[in-house]
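Residue numbers (the numbering used here): 12 to 246. Notes for the one structure printed next.
Here it is, written out as structure tokens:
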């Protein structure tokens, strides 16, 4: 495994080209990954190729070396890409029978994932040795773990903000419910002095005030429920 602080350097000058397929999450996190101490030394020689300019699962060229022109349609129609994503594993795919990439022997497909969540897909075209493949696969696993950690930190920060806001809203709601409830009790106590009809009118007015307060509470409930769903997706 590649660990934070490793001094390993990777020479990618022999790779003909480098393409990627990003999810929104990976695009959001890539600048953090580039500056992370955990991967800075690991991907020092390829970090300059990584850019952020794509939409959800769109295709973007990260760099082209030599005379080889990489084809964008490869990533959207390649059986190897589908196999790599489905199996959550790196694949050295034979391109000899591929009409799109018949001029290269193989492509190394590297999914960036954690457990069942795929964040990105990298494709390296060129000549590989076993050391190249092992290193790139370790980098992929390290990046997937780091993206997951960033996801968790973001959601925890959001959860903290929502909890603080909920507490503030609950204090507000308690005060807003207490006043009409006190008024209702008062109407019930003096109902014989002011007539039942006026008491009922006053109670109706206060229940409408309570309903408006409960509508605010319902909105906070939805926000909290949405947060719960996000946590279920991550954990």
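C-beta: ideal position from N, C-alpha, C; glycine also. Please read these numbers as outputs of a predicted model, since none were measured by experiment.
In this structure, the alpha-carbon of residue 220 lies about 18 angstroms from that of residue 231. Residue environment for residue 97: exposed (fewer than 16 other C-beta atoms within 10 angstroms of its C-beta). In summary, residue 185 is exposed, with fewer than 16 beta-carbon neighbours lying within 10 Å of its beta-carbon over all protein chains present. Excluding sequence positions up to five before and after residue 103, its CB lies within less than 6 angstroms of the CB of 117 and 119, all in the same chain and listed in chain order. In terms of CA proximity to residue 135, 91 leads the group 153, 157, 91 and 169. In the three-state DSSP reduction, residue 189 falls in the helix class (H, G or I). Taking all protein chains in view, the Cβ of residue 133 is crowded by 16 or more other Cβ atoms within 10 Å, so the residue is classified as buried.
In chain order, 95, 119, 120, 121, 122, 144, 147, 148 and 151 place their CB closer than 8 angstroms to the CB of residue 101, counting only its own chain and leaving out the 5 sequence neighbours on each side. Annotation: residue 95 is outside any beta strand (DSSP E); the continuous alpha helix (DSSP H) that includes it extends over 90 to 98.
In this structure residue 166 is not in contact with residue 233, their Cβ atoms being roughly 17 angstroms apart against a cut-off of 8 angstroms.
If you check the CB distance, residue 238 and residue 169 come in under 8 angstroms.
Residue 131 carries a strand assignment under DSSP once its states are collapsed to helix, strand and coil. Our two residues, residue 192 and residue 202, have alpha carbons roughly 15 angstroms apart in a direct line.
The three-state secondary structure of residue 201, taken from DSSP, is coil.
Of the candidates 140, 141 and 99, the residue whose Cα lies closest to the Cα of residue 130 is 99.
In this chain, the beta strand (DSSP E) harbouring residue 117 covers 117 to 125. Sequence-distant Cβ neighbours of residue 172 in its own chain, meaning closer than 8 angstroms and more than five residues away, do not exist here.
By the 16-neighbour rule on beta-carbons within 10 angstroms, residue 158 is buried. With at least 16 other beta carbons inside 10 angstroms of its own, residue 213 counts as buried. Taking 8 angstroms as the cut-off, the Cβ atoms of residue 155 and residue 124 count as close.
The Cβ atoms of residue 199 and residue 224 lie no closer than 8 angstroms to each other.
Rounded to the nearest whole angstrom, the CA to CA distance from residue 162 to residue 142 is 30 angstroms. A straight line joining the alpha-carbon of residue 227 with that of residue 205 spans about 32 angstroms.
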